[in-house]
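Participant: So that we are looking at the same thing, I have put the structure below in C-alpha cells.
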Amino acid sequence: GRTEEVIVEPERLVVTETSFKEPDCEHEWCAMKNTIKWKMPEELKFGQFVSGDGVIRSLGLESLSNANADVDDDYGAGEL
Numbered sequence: 225g226r227t228e229e230v231i232v233e234p235e236r237l238v239v240t241e242t243s244f245k246e247p248d249c250e251h252e253w254c255a256m257k258n259t260i261k262w263k264m265p266e267e268l269k270f271g272q273f274v275s276g277d278g279v280i281r282s283l284g285l286e287s288l289s290n291a292n293a294d295v296d297d298d299y300g301a302g303e304l
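For any residue, its number in the working numbering is found by taking its place in the sequence shown, counting from 1, and adding 224.
In C-alpha cells, the structure reads:
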C-alpha cells in the first residue's frame, strides 16, 4: 500500500533577549496546549506549596523562623 506523507510545521519561535515566545499559541507557549489547568480555592502562605495530589503542604520553614526570632529587629538600623 501507499503511505501518505504528513508534514508538520513547527510553531513560530520569537527570541527576545533571554525570553522565548511562541506568539501563534495561547499564552504564547505551545507546550501549554496539553496541560491541566486549575485554580486554588485559597491563597498560599509563605512556606507552603501545593503537592501533586492537590494538598497544601508546608516546606517546614517554621523552624528557621523560630531560630531567627531572637535576632534584634533593629539590626543594621544604626546611624553611620
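Think of the CB as a built atom: it goes at the ideal place given N, C-alpha and C, for glycine as much as any other residue.
Three-state secondary structure (DSSP) at S275?
Facilitator: If DSSP states are grouped into helix, strand and coil, S275 belongs with coil.
Participant: Whose C-beta lies closer than 7 Å to the C-beta of I280 among residues of the same chain, with five residues either side of it excluded?
Facilitator: The residues are L268, Q272 and V274.
Participant: Going by DSSP, which residues form a beta bridge with R281?
Facilitator: Partner(s): F273.
Participant: Can you give the Cα-Cα distance for D248 and E228, rounded to whole angstroms?
Facilitator: Each residue's alpha carbon lies about 27 Å from the other.
Participant: With which residues is V230 paired in a DSSP beta bridge?
Facilitator: Its beta-bridge partners do not exist; DSSP assigns none.
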